[in-house]
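These notes are about the structure you will find just below.
Here it is, written out as structure tokens:
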């Protein structure tokens, strides 16, 4: 379930569990917000499905190759 929340997650958004870059944002029914890296998101998302209003999952960005990457890495 992905809906419009805050803008795209940035490098400044950190996982609440380990401090790594966050790629998943869950806005809770209780009004709170949780940020997770891909690893902890996979671990906790099943339990959050019932407690979250919105979940923004940007883990697909992990497979993106920046346009500035050398040609042999694209």
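Residue numbers (my numbering): 1 to 74. Heads up, the beta-carbon is just placed ideally off N, CA and C, and yes, glycines get one too. Remember, it's a predicted structure, so these values are computed and weren't measured experimentally.
| Query | Result |
| --- | --- |
| Within the region 12 to 53, note down every full alpha helix (DSSP H) run reaching 4 residues or more, in order along the chain. | 38 to 48 |
| Going by DSSP in three states, residue 64 sits in which element: helix, strand or coil? | coil |
| Label residue 61 either buried or exposed according to how many other C-beta atoms from any shown protein chain fall within 10 Å of its C-beta, with 16 as the threshold for buried. | exposed |
| What is the rounded straight-line gap between the Cα of residue 28 and the Cα of residue 64? | 28 Å |
| Could you check whether residue 55 and residue 36 sit closer than 7 Å to each other, using their CB atoms as the reference points? | no |
| Taking just the CA atoms, how far does residue 13 sit from residue 51? | 21 Å |
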